[in-house]
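K.L.:
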Amino acid sequence: NRFDRRPRQVLPGKPTIEWEPWGEYQDVLLDRSSEGIARVAIDRPTKRNAFRPRTVMELCDAFTRIRDDQRLGVVLFTGVGPADDGGYAFCAGGDQSVRGDGGYLDEEGLPRLNVLDLQRIIRSLPKVVIALVAGYAIGGGQVLHLLCDLSLAAENAVFGQTGPKVGSFDGGFGAGYLARVVGQRKAREIWFLCRQYGAEEALKMGLINEIVPLDGLEAEGVRWAREVLQHSPTAIRCLKAAFNAETDGLAGLQELAGQATHLFYRTDEAQEGRNAFLQKRRPDFSGSGWLP
Ligand code: S0N
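Residue 240 in full-length UniProt numbering is what sits at position 235 of the sequence shown, and the numbering runs on without skipping anything.
#1: Sort GLY177, GLY221 and ARG104 by Cα distance to THR21 and report the nearest one.
#2: Is the beta carbon of GLY98 less than 7 Å from the beta carbon of ALA55?
#3: Tell me which residues share the same chain as GLU25 and place their Cβ nearer than 7 Å to its Cβ, disregarding the 5 neighbours each side in the sequence.
#4: Flag this pair as touching only if the stretch 117 to 132 and the stretch 245 to 260 have three or more C-beta atom pairs under 8 Å; answer yes or no.
#5: Whole angstroms is fine: what's the gap from VAL163's alpha carbon to ALA281's?
#6: In this structure, does DSSP put TRP24 in helix, strand or coil?
#7: May I ask you to list the residues that DSSP assigns as paired with VAL118?
#8: Grouping DSSP H, G and I as helix and E and B as strand, with all else coil, what is ASP220?
#9: Any heavy atom of the ligand S0N inside 6 Å of the beta-carbon of THR83?
#10: Identify every residue that forms a DSSP beta bridge with ILE42.
#11: CA-CA distance, PHE174 and ILE47?
#12: Under 7 Å between the Cβ atoms of GLU225 and LEU157?
#13: Whose CA, out of GLN31, ARG53 and GLY84, lies closest to the CA of ARG44?
#14: Helix, strand or coil, according to DSSP, for GLY292 in the structure here?
#15: Secondary structure at CYS153, three-state DSSP: helix, strand or coil?
#16: Confirm the yes/no value for this check: CB of ASP175, any heavy atom of the ligand S0N, distance under 6 Å.
#17: Can you name, in chain order, every residue of its own chain whose Cβ lies under 7 Å from the Cβ of GLN147, other than the five neighbours on each side?
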């Protein structure tokens, strides 16, 4: 039973927060704290935290549970390390050992592209997601890192794409949003040359927010999370939707408009519409005014 393995060390360094284990998964560790912070970690260090369909399903479940817990405002997303050979990874992308002829095979042999579901969940989560990158963030792992709102990297972090080498590519957020973040030239370089970039280069190109010593990575993530949590949840969820709307087309607008609807429901004006319907009378919006 994985619950017996508590307390769980995800990254090196002294914990600066009390984690409560939350949920039982095979490939993922999920914890939360009474301070409003959750921690999601891919737990496949022997595979450099590469994801198989099960990993992605568990991550989707973990992020959905976080979305539904109104006490939680910030998520730290990371990968368990070090592996037995001393290697670290945030995530090395799709697990090539379960890659069939039509995608990554689940335990029933069905080929899946389910990492795209996870990308959308992280992107539209109305909370702040902070990537903590120790070691490799490669391939689909680099894209997952990119989709987090903020990114803190340990000095040993390495970023890169391998698609054109291993026969895959991410033409969605992995290309378009990467170009928004680092610019068209750099994004094309990253994908066409398949080079690896250290933390300093990543900082220079705007891929990450800050470089942190490995031993202090989680502590710094907690520090950033605590700062975010001092601020207005509504302002932050609307800002996240607004940042997404700038790049995500109608899906982004849907999110931003959804935040407006969310706020509108809480007004007397919207509630008058609902009440009038239920009371089978004409609504009276005269108290609302047509403000400038
Ligand atoms: C990460 C690298 C650079 C680390 O190198 P290092 O430290 O030298 O370690 P290794 O000895 O290479 O690895 C240690 C062990 O881990 C295994 N391993 C590492 N990465 C993977 C992986 N991705 N899949 C399976 N196993 C992995 C190694 O095999 C080794 O184990 P042993 O010793 O038992 O062999 C280096 O490991 C590396 O380059 N890894 C591969 C990176 C890669 O190419 N990833 C895949 C890229 N493609 C994707 O991510 C697909 C994206 C995707 O899923 C997608 C995108 C858009 C639309 C749809 C999809 C979709 O398909 O769903």
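Note that the Cβ used here is the ideal one computed from N, Cα and C, for glycine as well.
P.N.:
Taking the definition as stated:
#1: The residue you call residue 21 lines up with position 16 of the sequence shown. Checking every option, the nearest Cα to that of THR21 belongs to GLY221.
#2: Numbered from its first residue, the sequence shown carries residue 98 at position 93. Numbered from its first residue, the sequence shown carries residue 55 at position 50. Going by C-beta atoms, GLY98 is nearer than 7 Å to ALA55.
#3: Working through the sequence shown from its first residue, we reach residue 25 at position 20. Around GLU25: ASP36, ARG37 and SER38.
#4: The stretch 117 to 132 makes contact with the stretch 245 to 260; the number of CB pairs closer than 8 Å reaches 3 or more.
#5: On the sequence shown, residue 163 is found 158 positions in, with the first residue counted as 1. On the sequence shown, residue 281 is found 276 positions in, with the first residue counted as 1. For VAL163 and ALA281, the distance between alpha carbons rounds to 59 Å.
#6: Your numbering for residue 24 matches position 19 in the sequence shown. Residue state, collapsed to three classes: coil.
#7: Translated into positions along the sequence shown, residue 118 becomes position 113. Inspection of the sequence shows that residue 118 is occupied by Leu rather than by Val. In the DSSP output, where bridge partners are listed per residue, LEU118 has none listed.
#8: Translated into the one-based positions of the sequence shown, residue 220 becomes position 215. In the three-state DSSP reduction, ASP220 falls in the helix class (H, G or I).
#9: Sequence index remark: in the sequence shown, residue 83 carries index 78 (1-based). No, the Cβ of THR83 stays beyond 6 Å of every heavy atom of the ligand S0N.
#10: Residue mapping note: residue 42 aligns to position 37 of the sequence shown, counting from 1. Residue pairing for ILE42: DSSP places it in a beta bridge opposite VAL79.
#11: Within the sequence shown, numbered from 1, the residue matching residue 174 stands at position 169. Within the sequence shown, numbered from 1, the residue matching residue 47 stands at position 42. If you take the alpha carbons of PHE174 and ILE47, they lie about 22 Å apart.
#12: For the purposes of this step, residue 225 is identified with residue 220 of the sequence shown, where counting begins at 1. For the purposes of this step, residue 157 is identified with residue 152 of the sequence shown, where counting begins at 1. With contacts defined as CB atoms closer than 7 Å, GLU225 and LEU157 qualify as a contacting pair.
#13: As a working mapping, residue 44 is identified with position 39 in the sequence shown. Answer by Cα proximity: GLY84.
#14: Along the sequence shown, one-based indexing puts residue 292 at 287. Of the three classes helix, strand and coil, the one that applies to GLY292 here is coil, per DSSP.
#15: The count along the sequence shown starts at 1 and reaches residue 153 at position 148. Three-state DSSP puts CYS153 in coil, outside helix and strand.
#16: What you label residue 175 is simply residue 170 of the sequence shown in a count that begins at 1. Flag set: Cβ of ASP175 near the ligand S0N.
#17: In the sequence shown, residue 147 corresponds to position 142, counting from 1. Within the same chain, GLN147 has close Cβ partners PHE164, GLY165 and GLN166.
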